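Our numbering applies: residue 28 is where the sequence shown begins, and numbers increase by one.
Single-structure report; data block below.
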Amino acid sequence: MIRKFGLAAALVAIAVLTCVRAPSIFAKSGGRAARWRDLITTEIDESRRVTLRGNTRPEARPEHDRGRVPEDFRLEHMLLQLRRPPETELEFENYVESLTQHGSATFHQWLTPAQVGESYGLSDSDLRAITDWLEGHGITVNYVYPNRVVMDISGTARELREAMHVEIHYLDVDGERHYANMNDPDIPEALAPAIVGIVSMHDFRPHTMDKPRPQLTYTDTTGTYEAVTPSDLAAIYNLNPLFSQGITGAGQTVVVVEDSDPYTPTGGTMSTDWTSFTTEFGLTKYGGTLSVVHPSPANPSNCTDPGDNTDDSEVAVDIDSVAAAAPGAAIEVAACSDTATYGPLIAVENIDAQTPHPYIVSVSYGVCETENLAAANAAFNSAYQTAASEGISVFVATGDEGAASCDANATTASHGINVSGWASTLYNVAVGGTDFGDTVTGTNSTYWNTSNSSTFQSAIGYIPEIPWNDSCAGVLLATYKGQNPPYGAAGFCNTTGTHGGTGFRTTGAGSGGPSECATGTPATGGEVGGSCAGYAKPSWQAGLFGNPNDGVRDLPDVSLFASNGLWGHFYIICYSHVLANNGGHPCTPGTPDPTAASGATWSAFGGTSFGTPTLAAIQALVNQRTAALTITPVAGQGNPNPVYYAIAASEYGATGSSLCNSSTQGLARRGVATTCVFYDVTQGDIDVNCSRNSPNCYDPGATAGNRWNGALSTGSISGLTFSAGAGYTSAPTCTISAPHNASVYNGDAGGTQATCTATINGTGQVSAVTLTNAGAGYAPNPTCTLTGGGGTGATCTASGVTDTAYGPAFPATPGWDFATGIGTVNAYNLVFSTQWNQGP
């Protein structure tokens, strides 16, 4: 699929801050400093240690170990994540929430980077104690960020081992050489209240959220591909009425964070491909710009120029996407080299530290929560939280692997349910992916013209959407091939031959699911378990129709088109790096055709890295309009999710809204003719195929070890049989657990515990059992045996047998769902929603 769009050139001044020790950088000021409470209150005793658990990569195992790195092996610019006092953290969380609460006295009262630290950072004493301890072991403290909860540090393997008892070794994983810590670090007990941990001590890199066009695709009945161009995007998501009113993102900066510079063709510049793209599709008239920066918080900088590397196609996706949806915006590529820390995280931290700073950031990379590790999860949450407090809106791609985010770019899922730790925080918009449903229903001619306009537009208007899913486990693909259901020995995923299901074994799909391991330590590397726990459900997400009462943060929030071509739809971008192995082709003027039989002339991609910068660009349109209103003091909106969910709650109500159902949006109801801001996607799923005996892999009717592949049972309990026994003097209670093979995240009540009450007759025998809250996921008539003898406290245990009827694990359903979140967007109605205009 086409990679994510990059962001327009930023005209942001980068503050260069003097690098000195923490106490002198962050002198107390005003009355705020008095609120700091010291966390390090006892003398540091090196013999009393605390292990910082959950910070070792799953690959750090004996079979991969190739021995210690040299003693003088340096790990440059690591980030040390610190911890606020609990009461200060709660105060900061409440303040950030108040910033987007209509009627709040602090509505949109954004903080400066210095104010974040002054009000909610660590004390001078704590920063001094940590700095002295680190430097006492030879570790260099390069910089303390203004928020006073992040330090930039550098040290050798020997210094880290002496300070934190951590071993840094070389690893050989799948033929590639890496380095990583082999064990969790530990620190003196006295420091533990103030330190979360080192964010990263390895060189495993995040994956990009883009997908090349697959070999097997389905076109319309004439064999035609309907590729998506900027003009198509504008017609489908109702951008044209905004452009005609001058709302193009002018005056706004959209930042795409990267770990690569854009590709530079021979004899060209880093903007050559982008200029070809904007020229070919008629976007230059809007005046957008592109620039590349390496944001620095200090001198020497921890953000070095990464150059042009294998992620340059991701940059092309990002910058082209922003230009398509906000053609008047300044797109800024903020590129930092990966060190022992992820380059994109360094870029976000440095943007947070700038004064002034841009107000929109797009992130198209990710790592699943269990492999991102505890300190890194905390670091992303903290970085996005700081951004939200400063009015910055952060958009992050959920991923391209269904609900199996630890299995990116795999043919089969094997690590169970997992979401991206880069996207699951409470302070960012998590963006999922959709496809168009016209090929599935054979209605292409209803939504596409047979010829292109001068800017290569063929889409007539809005097209009903389905979740993006390339996998044989998807119900729509299996049904289309007459092979529903997809699971089982004779199911679609196991059929062979031309276009058989085995050719569609892939994890390629828009990602969604519950946050399950934002904190804690997995029992098995890369799999949810052990002490894992997800982020608590944010107040703005709770209660929306369709969103499960699971107590945790759920992904995605909003979805946009992300298909890489399974149903004949994909994005076209200009990416001329033809020697790369990831889809580069010449950008031949006048012939943007990635499918030409004589040779592709442009590149075709998909992935949630398209929808993410596109939604960020739409936010630039929101910010441009609201900045012109006197009620909004500055251009930023902070975390947009509270507004998104408030709008969705109004649209969907308590039962869903057929008015805003994506599948019923005819051409006559697109644009301003409808009041819908979000279109509710209700068909399809993001289920992907998985390997036997892998976690959460479910195959109805199969062995107990073969669990989740998107086919969870949907039956219900209709009765019980039991041995009545005698001598019961009161009614026992019975707890019926979910079926052994069912996931609690199956889109129905199958994971809900049922209860039954036994009725005692006149002779002291149980005469009836009444079920309450039976839920779903049970075949009829499981057995229930009462045990416990006479007297009170008898128990009964149900042995449920799962139903073999097929039901997707992560389906698109009315209201919110794991497949597409709230749904997709009518950009015009989003920009003009009155929810943005309600001040204090």
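All C-beta atoms, glycine included, are put in the ideal place defined by N, C-alpha and C.
Note that the structure is predicted; figures quoted are calculated from it, not measured.
Quick one: using the 10 Å Cβ neighbour count with 16 as the cut-off for buried, is residue i buried or exposed?
i, result
"Leu66", "buried"
"Leu198", "buried"
"Gly294", "exposed"
"Asn576", "exposed"
"Thr639", "buried"
"Asn666", "buried"
"Asn720", "exposed"
"His321", "buried"
"Thr183", "buried"
"Glu114", "exposed"
"Arg84", "buried"
"Tyr855", "buried"
"His526", "exposed"
"Ser340", "buried"
"Leu243", "Low confidence applies here, because Leu243 scores a pLDDT of 47, under 50, leaving its location unreliable; read the following figure in that light. When all chains shown are included, Leu243 counts as exposed."
"Arg204", "exposed"
"Gln272", "exposed"
By Cβ distance below 8 Å, which residues in the same chain neighbour residue i in space, the five residues on each side in sequence not counted?
i, result
"Val656", "According to the sequence shown, residue 656 is Leu rather than Val. Excluding sequence neighbours, Leu656 sits near Asn864."
"Gly111", "For clarity, residue 111 is Arg in the given sequence; the question names Gly instead. For Arg111, where only same-chain residues beyond five positions count, the Cβ hits under 8 Å are Phe119, Tyr147, Gly148, Leu149, Val176."
"Glu186", "His164, Gly165, Ile166"
Once you ignore the five residues that flank residue i on each side, which residues in its own chain have a CB closer than 6 Å to its CB?
i, result
"Ile444", "Ala430, Gly540, Asn723"
"Thr641", "Ser348, Ala352, Leu587"
"Ala414", "Asp379, Val421"
"Ala49", "Confidence is the limiting factor: at Ala49 the pLDDT is only 36, short of 50, which leaves the residue's position unreliable and the question unanswerable from this model."
"Lys55", "Residue confidence for Lys55 is low, a pLDDT of 35 falling below 50, so the modelled location carries little weight; the figure read from the coordinates is stated next. Nothing listed; no residue qualifies."
"Asn399", "Gly448"
"Pro220", "Leu66"
"Val47", "Low confidence applies here, because Val47 scores a pLDDT of 31, under 50, leaving its location unreliable; read the following figure in that light. So the list is empty, once near-sequence residues are dropped."
Quick one: what does DSSP say residue i is sitting in, helix, strand or coil?
i, result
"His234", "strand"
"Trp475", "strand"
"His205", "strand"
"Ile195", "strand"
"Ser566", "coil"
"Pro512", "coil"
"Gln862", "helix"
"Gly573", "coil"
"Pro324", "coil"
"Pro257", "helix"
"Thr546", "strand"
"Arg16", "There is no way to answer for residue 16, as the model of the chain reaches only from 28 to 867."
"Val283", "strand"
"Ser227", "coil"
"Arg88", "coil"
"Tyr598", "strand"
"Leu187", "helix"
"Asp347", "helix"
"Asn856", "helix"
"Val342", "helix"
"Ser690", "helix"
"Leu507", "With the sequence shown as reference, residue 507 is identified as Tyr, and Leu is not the correct amino acid for it. Of the three classes helix, strand and coil, the one that applies to Tyr507 here is helix, per DSSP."
With respect to the beta strand (DSSP E) encompassing residue i, which residues constitute its N-terminal and C-terminal limits?
i, result
"Gln664", "Per DSSP, Gln664 belongs to no beta strand (DSSP E) and is neither H nor E."
"Phe837", "Unbroken run through Phe837: none, as it is neither H nor E."
"Thr522", "Where Thr522 is concerned, there is no enclosing beta strand (DSSP E), given that its DSSP letter is neither H nor E."
"Gln108", "101–109"
"Phe870", "Absent from the structure is residue 870, since the part of the chain shown begins at 28 and ends at 867."
"Asp712", "It is not in any beta strand (DSSP E) - Asp712 carries neither H nor E in the DSSP assignment."
"Ala362", "357–362"
Which residues mark the beginning and the end of the alpha helix (DSSP H) in which residue i is found?
i, result
"Thr291", "Where Thr291 is concerned, there is no enclosing alpha helix (DSSP H), given that its DSSP letter is neither H nor E."
"Tyr170", "First-last for Tyr170: 167–171, but that is the beta strand (DSSP E), not the alpha helix (DSSP H)."
"Phe140", "Looking at the sequence provided, one finds Pro at residue 140 rather than Phe. Where Pro140 is concerned, the enclosing alpha helix (DSSP H) stretches over 140–147."
"Pro220", "Note, Pro220: premise wrong, no alpha helix (DSSP H); not H, not E."
"Pro113", "113–125"
"Phe304", "299–307"
"Phe270", "267–271"
Compare the C-beta of residue i against all C-beta atoms of chain C and say whether one is closer than 8 Å.
i, result
"Thr337", "As a matter of chain content, chain C is missing from the structure shown, which is built from one protein chain."
Looking only at its own chain, which residues have a Cβ that is under 7 Å from the Cβ of residue i, when we skip the five neighbours before and after it?
i, result
"His91", "Leu198, Asp199, Val200"
"Ile267", "Strictly speaking, residue 267 in this sequence is Asn, with Ile absent from that position. These residues qualify, in order along the chain: Ala261."
- Enumerated in chain order, which unbroken segments of the beta strand (DSSP E) with a length of 3 residues or greater are wholly contained in the stretch 369–443? The beta strand (DSSP E) runs lying completely inside the stretch 369–443 and spanning 3 residues or more are 387–390, 420–424, given in chain order.
- Message: Which complete beta strand (DSSP E) runs does the stretch 613–686 hold, if anything under 3 residues is left out?
- Response: Here the runs fully enclosed are 630–633.
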